[in-house]
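Note that full-length UniProt numbering gives residue 138 to position 138 of the sequence shown, counting from 1, and the numbers run on in steps of one.
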Amino acid sequence: MTASTVEQLILELQNDGESEQLALELQGKCLLAVLSHLTLSSITALQSIYSEEDAIVIWKPEPSMPMSSASPKTVQIYACVYSLSPPHDTVEFRLLVSVPPTYPASSPPQLQLLSRYIGPFQVDAELFATVLKTYMSTGRVEFVPGEVAIFDGIENVREAIQQWYEEHRNAATAAELQREDERAHALSESDTSQESTATDAIGTLNLSDTAGKPEFAVKLPDGVQVFSSEPVHDRKSTFIGHACAITHPFQVPIVLAHLLEDKNIARATHPVINAWRCEVDGILHNGNDDDGETAAGSRLAHLLQILDLKGILVVVTRYFGGIHLHGDRFRHINSVARAALEEGGFLDGPEDLKRNARTGAKAKRKA
Numbered sequence: 001m002t003a004s005t006v007e008q009l010i011l012e013l014q015n016d017g018e019s020e021q022l023a024l025e026l027q028g029k030c031l032l033a034v035l036s037h038l039t040l041s042s043i044t045a046l047q048s049i050y051s052e053e054d055a056i057v058i059w060k061p062e063p064s065m066p067m068s069s070a071s072p073k074t075v076q077i078y079a080c081v082y083s084l085s086p087p088h089d090t091v092e093f094r095l096l097v098s099v100p101p102t103y104p105a106s107s108p109p110q111l112q113l114l115s116r117y118i119g120p121f122q123v124d125a126e127l128f129a130t131v132l133k134t135y136m137s138t139g140r141v142e143f144v145p146g147e148v149a150i151f152d153g154i155e156n157v158r159e160a161i162q163q164w165y166e167e168h169r170n171a172a173t174a175a176e177l178q179r180e181d182e183r184a185h186a187l188s189e190s191d192t193s194q195e196s197t198a199t200d201a202i203g204t205l206n207l208s209d210t211a212g213k214p215e216f217a218v219k220l221p222d223g224v225q226v227f228s229s230e231p232v233h234d235r236k237s238t239f240i241g242h243a244c245a246i247t248h249p250f251q252v253p254i255v256l257a258h259l260l261e262d263k264n265i266a267r268a269t270h271p272v273i274n275a276w277r278c279e280v281d282g283i284l285h286n287g288n289d290d291d292g293e294t295a296a297g298s299r300l301a302h303l304l305q306i307l308d309l310k311g312i313l314v315v316v317t318r319y320f321g322g323i324h325l326h327g328d329r330f331r332h333i334n335s336v337a338r339a340a341l342e343e344g345g346f347l348d349g350p351e352d353l354k355r356n357a358r359t360g361a362k363a364k365r366k367a
């Protein structure tokens with residue numbers, strides 16, 4: 001049975017409401033054959049190369065989001081969990097693989113790093129961009145129309161992450177050795193020298209504190225400006241919304257990394273709850289992330305959907321105060337998200353569109 005035969009069978013089962021669950025199960029078992037248009041023999045080859053611990057699962061949207069995977073004209077998405085090569089094979093990373101309907105005939109797949117940490121090290125914008133540009137940068141993976149390229153791309157990403165991890169691990173080891181040398185040197189000095197050193201350190205710290213907020217190392221993409229709402233406080237919890245216009249999904253992790261460089265945002269319990277929608281070449285891409293606040297990302301995604309906004313990333317930062325707010329937390333999340341959208345002028349449009357959005361939000365709260 002060829003991959004196209006399996007794909008046709010799955011589509012027929014999906015069109016039959018009573019067989020939808022069976023279609024999902026079959027799609028999971030034949031994932032690479034359907035999404036990548038590979039033959040079953042190619043799948044066997046891939047499975048023989050990757051270890052049993054490497055997990056491949058369908059990337060399912062939230063129940064409130066449209067089931068784009070049911071249509072052969074939309075991008076197919078799945079998530080993979082891989083480990084680095086020895087001696088770091090206990091370190092894992094997660095990839096999001098998007099396969100357009102024109103792959104492999106004319107368009108390459110798209111790889112996106114889902115992991116926020118590789119081992120103990122927080123992923124930076126440079127590594128995010130490296131993964132996103134797997135098929136676009138010279139010297140990386142060359143995409144030839146008509147030829148499959150997912151395996152080569154994943155292996156290239158694995159090598160890039162391995163190198164990034166080893167560089168950060170070596171830097172951390174060197175920093176720790178330097179700190180040990182400094183501590184040993186400090187212990188060998190006289191009390192007078194120690195007091196002088198402490199005074200100098202305090203003076204340096206004070207100068208640093210009064211110098212103002214440092215510049216962000218991760219720059220926003222050209223033309224992107226983040227708008228923020230006024231904070232909303234409720235029972236020791238604080239909510240702040242952020243919104244910006246985007247032109248491509250590649251910009252999402254860069255904006256999130258930029259926000260996380262703000263120490264006030266990074267120290268929040270849920271710093272970057274987010275959702276986004278962006279249309280590229282006639283294909284609507286979307287995504288959301290709860291960031292630990294269960295179902296919050298899908299609520300933001302629903303807000304963008306009922307407002308019919310495209311080319312928008314909306315983020316909510318929540319500082320948990322120790323008191324559970326239950327359903328009120330979703331009301332505050334939607335409120336500051338709308339406020340940020342209004343601050344950026346993204347809701348400037350027909351009044352009936354705004355009215356419908358407000359009505360939908362009220363109905364959802366009553367449900």
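Even for Gly, the Cβ is constructed at its ideal location relative to N, Cα and C.
Predicted model only: the values in this text are computed from it and were never measured.
Query, Result
"Taking the alpha carbon of Asp234 as the reference point, which residue from Val336, Ala129, Glu176, Ser98 has its own alpha carbon closest?", "Val336"
"Between Leu347 and Leu84, what straight-line distance do the alpha-carbon atoms span, to the nearest angstrom?", "44 Å"
"Excluding five sequence neighbours on each side, which residues of the same chain lie with their C-beta closer than 8 Å to the C-beta of Gly297?", "Glu62, Ile273, Asn274, Ala275, Asn288, Asp289, Asp290, Asp291"
"Alpha helix (DSSP H) containing Ile312: first to last residue?", "No alpha helix (DSSP H) contains Ile312, which is instead part of the beta strand (DSSP E) from 312-319."
"With 16 other CB atoms within 10 Å as the buried threshold, where does Asn156 fall?", "buried"
"Taking DSSP as the reference, what is the three-state secondary structure of Asp348?", "coil"
"Which same chain residues end up closer than 7 Å to His168 when comparing Cβ atoms and leaving out the 5 residues on each side of it in sequence?", "Phe121"
"Grouping DSSP H, G and I as helix and E and B as strand, with all else coil, what is Gly287?", "strand"
"Skipping 5 residues on each side, what residues in its chain have a beta carbon closer than 8 Å to that of Leu300?", "Ile273, Asn274, Ala275, Asn288, Val314, Val316, Ile333, Asn334, Ala337"
"Between His248 and Tyr117, what straight-line distance do the alpha-carbon atoms span, to the nearest angstrom?", "23 Å"
"Take Thr134 as the anchor and find which of Glu92, Leu96, Ala175 has the nearest alpha-carbon.", "Leu96"
"Could you tell me the distance, in whole angstroms, from the CA atom of Glu342 to the CA atom of Leu220?", "21 Å"
"Just the C-alpha distance for Ser107 and Pro145, rounded to the nearest angstrom, thanks.", "7 Å"
"Suppose you measure from the CA of Asp222 to the CA of Leu256; what does that come to, to the nearest Å?", "15 Å"
"Given that a residue counts as buried once 16 or more other Cβ atoms are within 10 Å of its Cβ, and exposed if not, what is Gly345?", "exposed"
"Helix, strand or coil, according to DSSP, for Ala268 in the structure here?", "coil"
"Could you check where the alpha helix (DSSP H) with His332 kicks off and where it finishes?", "328-343"
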